[in-house]
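Here the structure comes first, spelled out in structure tokens, and everything after it is commentary.
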Amino acid sequence: SAMRNEHTKRTKTVCTYCAVGCTFDVWTKDRHILKIEPMHGPANGISTCVKGKFAWGHINSPDRLTKPLLRDGESFREITWDEALDIIEKKFKQIKADHGPDALAFIASSKCTNEESFLMQKLARAVIGTNNVDNCARYCQNPATMGLQRTVGYGGDSGSIADIEKAGLILMVGCNPAENHPVLCTRVKRSHKHRGQRLIVADLRKHEMAERADIFMRPNPSTDAVWFSAVAKYIIDSGLAKMDFVNKWVNNFDEYKKSLDPFTLEYAEKITGIPAATLVTVAHEIARADGVCILFAMGVTQHCGGSDTATALSNLLLVTGNYMRPGAGAYPLRGHNNVQGASDLGSMPNVFSGYQKVDDPDIRAKFEADWGVTLPTSKGLDNHEMIRAIQEGKLKSLYIKGEDTITSDANAGDVGDALGNCEFLIVQDINFSETCRFADIVLPAAASLEKDGTFTSTERRIQRIYKAIEPLGESKADWEIIQLIANRMGGHWNYSHPSEIMDEVARLTPLFAGVNYDRLEGYKSLQWPIAADGKDSPLLFTEKFPFPDGKARFYPIEYIPPCIESNPEFDLHLNNGRLLEQFQQGSMTYRTPGFKVLSPSTFLEISPELATERGITTGRYVQLMSPYGIVRVQAVVTDRVQGKQLYMPINSVVEPVNRLTSSFTDRNTHTPAYKETAVIMTVLPEQ
Ligand code: SF4
268 SAMRNEHTKR TKTVCTYCAV GCTFDVWTKD RHILKIEPMH GPANGISTCV KGKFAWGHIN
328 SPDRLTKPLL RDGESFREIT WDEALDIIEK KFKQIKADHG PDALAFIASS KCTNEESFLM
388 QKLARAVIGT NNVDNCARYC QNPATMGLQR TVGYGGDSGS IADIEKAGLI LMVGCNPAEN
448 HPVLCTRVKR SHKHRGQRLI VADLRKHEMA ERADIFMRPN PSTDAVWFSA VAKYIIDSGL
508 AKMDFVNKWV NNFDEYKKSL DPFTLEYAEK ITGIPAATLV TVAHEIARAD GVCILFAMGV
568 TQHCGGSDTA TALSNLLLVT GNYMRPGAGA YPLRGHNNVQ GASDLGSMPN VFSGYQKVDD
628 PDIRAKFEAD WGVTLPTSKG LDNHEMIRAI QEGKLKSLYI KGEDTITSDA NAGDVGDALG
688 NCEFLIVQDI NFSETCRFAD IVLPAAASLE KDGTFTSTER RIQRIYKAIE PLGESKADWE
748 IIQLIANRMG GHWNYSHPSE IMDEVARLTP LFAGVNYDRL EGYKSLQWPI AADGKDSPLL
808 FTEKFPFPDG KARFYPIEYI PPCIESNPEF DLHLNNGRLL EQFQQGSMTY RTPGFKVLSP
868 STFLEISPEL ATERGITTGR YVQLMSPYGI VRVQAVVTDR VQGKQLYMPI NSVVEPVNRL
928 TSSFTDRNTH TPAYKETAVI MTVLPEQ
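In UniProt numbering, the protein residues as written are 268 to 954.
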């Protein structure tokens, strides 16, 4: 009734701004969001940060897409869903007939639900017949996952967020949780201040937690693997290794010990710039601590040697016995709300849901029997390879869901050329993103408050979101759109609710065997692995590691120096990261009035030394040039950075840092070496 429409409604949801996974009730009246009320969520209790509490302007933004769009020359025109689906069906069928299924590729979203990630890979594999499917973890977290899978078997946080408080020592490496994971970081601040928890920070930049740290080290860029290994070697050589743990739980010690031979303290000091005495102090802190958690993020992963650095980090935890107990282990701090889930649910070129390999005949047979199809047998293309394959003319169609590729991937100029050359590009999003400008068809997707589903936070915690309001205009939930496309391509899918998709996931995926919507009702949640009886795993490793003999393994690595060209002309190192008030390139947060003025569009941090040398004061415009592009940006002189290192937030679409970044990648995972950028700086005339 009309009266009832006047009533307010409260709906449980999960924040979409970071992977901490804060939950709360959202109060709505019609389409108006009245307030956010935290209700003792498992990760956040009654806390939220500024983004979760206020940044909901994107839901009703005038920039929302409400109808499918078709390219019409240089502009777009609105079309009906039927017309859009007709075109997609015709083009997909034509490309598949002319060039085979591997001429099509699919990119799932770390913003979307688990169920939607599962359907995206099912569309690619079961309906189209290709393993060309990936998600944006490729840009950030894949090296972390690989380093952990190599050593301990699962790529996920070792314990829950609450367990971080139980550690004797927190080591933060290449991450900035005070801005990027605020509610999680509050726990560290509290335990450090009030409970004597030790804090060591290794970072190029003196961020808030570096200021608070007991020890702050500034290694030279791209050298973390060296000091991790040198500290491990010192610990072993000094008889401080936890050999009881190693002998019982870890294979390959002798080979690992030998691989550490080059990593002497002298060598480490030379490469990292950290004094040997500091490394010795750090080694003793780690060896002595009652539980060590290493929190890390893109400062570790986005390098040519990113996955090897993550491996060295995990080796160090193993040799010091820092797994299998609360308050110890590796915490790869995932960025997006569902970056963990997008990979967990199989939107990757080499694995189905739960990291089951596509080239394993038994696994494939299980999926083939359930889905009633024959599946492709070899690994598909990852995001990075898709861009190359378009340039080489091998890939004709790309379907991108909930990702602004052009402002996210490295080397924007190159990616733009590729997207411009793609024969048939579908972009599905809530707003008309920069990437939409390259699309042939744009599909309007529903926002998180407009659909049901689940997200998986950084602590492997699966939580439900509930529909609070109807999708705006003719936008639809991503799972519904994927199903419409699958059925046009002969999929015969019949999902009426995301819970049915999750039941299928549980049936096919041992990691999620006991997951279902009843067990996730309201504020209930489950941390994977989830046994068939519903028992979940706040602590990732308890009775064994997920290898055939139940033991973890040391995985020796070599140091991979940064792969930026050694052209001495490009004399400055450019680092990048996020801001508290913004999310990514701002396509969501900039839609909340006030957020844009809270923080400037972008800026460049310059050290006092460099500022003096070049005659730069705060507010002066400078131009940065790399071999790939140019940006103009305002300088901020600050001792957060030192020497010839510069820092720029990634939050600008006008002067995006990814115009400067190269196409070099981590050699194992193809994650862009975003943190290895060399530039020339010119001071622009005063305006
Ligand atoms: Fe959202 Fe992360 Fe802030 Fe929590 S900490 S409210 S999940 S942005």
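In this text, a Cβ means the ideal position worked out from N, Cα and C, and glycines have one as well.
In this text the structure is predicted, and so the values were computed from the model without any measurement.
Backbone secondary structure at residue i - three-state DSSP
i: residue 909; result: coil
i: residue 364; result: helix
i: residue 330; result: coil
i: residue 421; result: coil
i: residue 618; result: strand
i: residue 296; result: strand
i: residue 941; result: coil
i: residue 599; result: strand
i: residue 528; result: coil
i: residue 880; result: helix
i: residue 703; result: helix
i: residue 450; result: helix
i: residue 801; result: coil
i: residue 755; result: helix
i: residue 401; result: strand
i: residue 589; result: coil
i: residue 888; result: strand
i: residue 625; result: coil
i: residue 711; result: strand
i: residue 950; result: strand
i: residue 416; result: helix
i: residue 518; result: strand
Sheet register partners of residue i (DSSP bridge)
i: residue 285; result: BP columns for residue 285 are empty, so no partner.
i: residue 457; result: Paired residues: none, contrary to the question.
i: residue 372; result: 665
i: residue 290; result: 281
i: residue 308; result: 312
i: residue 339; result: 342
i: residue 844; result: 916
i: residue 691; result: 664
i: residue 720; result: 732
i: residue 900; result: 889
i: residue 696; result: 711
i: residue 303; result: 293
i: residue 794; result: 728
Buried or exposed by the 16-neighbour rule on C-beta atoms within 10 Å, applied to residue i
i: residue 862; result: Bear in mind that a pLDDT of 47 at residue 862, under 50, signals an unreliable position, so the model cannot answer this.
i: residue 814; result: exposed
i: residue 950; result: exposed
i: residue 759; result: exposed
i: residue 877; result: buried
i: residue 389; result: buried
i: residue 313; result: exposed
i: residue 461; result: exposed
i: residue 463; result: exposed
i: residue 921; result: exposed
i: residue 360; result: exposed
i: residue 842; result: buried
i: residue 802; result: exposed
i: residue 937; result: buried
i: residue 265; result: The question about residue 265 has no answer, for the chain in this structure spans 268 to 954.
Supposed contact pair residue j and residue i - C-beta distance, whole angstroms, cut 8 Å
i: residue 469; j: residue 486; result: 6 Å
i: residue 888; j: residue 899; result: 6 Å
i: residue 604; j: residue 722; result: 5 Å
i: residue 709; j: residue 931; result: Rounded, the Cβ-Cβ distance is 31 Å, inconsistent with contact.
i: residue 450; j: residue 564; result: Their Cβ separation, rounded to whole angstroms, is 16 Å, which puts residue 450 and residue 564 out of contact at 8 Å.
i: residue 445; j: residue 476; result: 5 Å
The segment 787–801 contacting the segment 724–735, beta-carbon criterion three pairs below 8 Å: yes
Stretch pair the segment 523–531 + the segment 398–409: three plus CB contacts closer than 8 Å: no
The segment 373–391 in contact with the segment 608–628 per 3-pair CB rule at 8 Å: Contact holds between the segment 373–391 and the segment 608–628, because three or more Cβ pairs, one in each stretch, are under 8 Å apart.
Sufficient close CB pairs (3 or more, under 8 Å) joining the segment 659–675 to the segment 409–426: no
Touching by the beta-carbon criterion (3+ pairs, under 8 Å), the segment 822–829 and the segment 575–595: Per the Cβ contact rule, the segment 822–829 is in contact with the segment 575–595 (3 or more Cβ pairs under 8 Å).
Three CB pairs or more closer than 8 Å across the segment 288–305 and the segment 729–740: Verdict: yes, contact present.
Sufficient close CB pairs (3 or more, under 8 Å) joining the segment 442–456 to the segment 488–508: no
Cβ pair count under 8 Å reaching 3, the segment 584–591 against the segment 363–371: no
At least three beta-carbon pairs within less than 8 Å, the segment 676–691 to the segment 900–908: Cβ pair count under 8 Å is below three, so no.
Validate contact between the segment 313–328 and the segment 748–763 using beta carbons, cut 8 Å, 3 pairs: no
Meets three-Cβ-pair contact criterion under 8 Å: the segment 643–653 and the segment 612–625: In the pairwise beta carbon analysis, the segment 643–653 is classified as touching the segment 612–625: at least three pairs are separated by under 8 Å.
Cβ contact check for the segment 531–544 and the segment 425–435: 3 or more pairs under 8 Å: no
Three CB pairs or more closer than 8 Å across the segment 511–522 and the segment 549–563: no
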